[in-house]
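Working notes for the structure below.
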Amino acid sequence: MKKILLTILFTLVLSVSASAYEEDCIKGNCIDGFGVSEITGDYGQKYEGYFKNGKRNGKGIINYNNGDKYTGTFKDGYRDGQGTHLFSNGDKYIGEFKEGWLHGKGKMIFNSGEIYDGSWEESRFLGK
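Going by the numbering used here, the first residue of the sequence shown is number 243, and it counts up by one from there.
Okay, here's the thing in structure tokens:
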């Protein structure tokens, strides 16, 4: 359980970072269209995907500076809808997100082989 809490805590830090730091458009249309943006610093990340009103919206990919990667959908700047988050330590979450949280149906596969498959609410595993 301690491992899942650490993984989830790190996920929260990463999802908050996109809304808390200035994001620079480095290619394309980062207002209403397809573009590439970057956040530098401790929680740096590079986003490639769709924007609406200057926020991440639709399908996209985030490559985090720590080696994590998220592929999925976004709404109003947050991971929202279906997605996959690959953690640099080998853990993997496949499922639903809401406002940046692991939320809804999803499966966390730990690098140890342990699997949590079921319902999630605000990044807390509720069970099957």
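Every residue, glycine too, gets a C-beta built ideally from N, C-alpha and C. Just so you know, these numbers come straight off a predicted model, no measurement behind them.
C-alpha gap between residue i and residue j, whole angstroms
i	j	result
E356	T315	26 Å
L251	I303	Caution applies to L251, whose pLDDT of 47 falls short of 50 and renders its modelled position unreliable; the value that the coordinates give is listed next. L251 and I303: Cα-Cα distance of roughly 20 Å.
I446	V278	For residue 446 there is no data in the structure shown, the boundaries of the chain being 243 and 370.
N308	Y320	19 Å
K294	D318	8 Å
V258	F329	Bear in mind that a pLDDT of 47 at V258, under 50, signals an unreliable position, so the model cannot answer this.
L254	Y312	With a pLDDT of only 49 at L254, under 50, the local geometry of the prediction cannot be trusted, and the value read off the model is given with reservation. Their backbone Cα atoms lie some 13 Å apart in a straight line.
G369	G337	14 Å
Y285	C272	20 Å
N299	F352	29 Å
H345	G291	22 Å
E280	G342	18 Å
Per DSSP, the bridge partner or partners of residue i
i	result
K311	N305 and L328
S279	C267 and Y289
Opening and closing residue of the beta strand (DSSP E) in which residue i lies
i	result
K269	D266 to G270
G360	I357 to E363
E338	K334 to K340
I273	Looking at the DSSP string, I273 is not in any beta strand (DSSP E), and its letter there is neither H nor E.
Cβ separation of residue i and residue j, assumed to be a contact under 8 Å, to the nearest whole Å
i	j	result
K347	S361	6 Å
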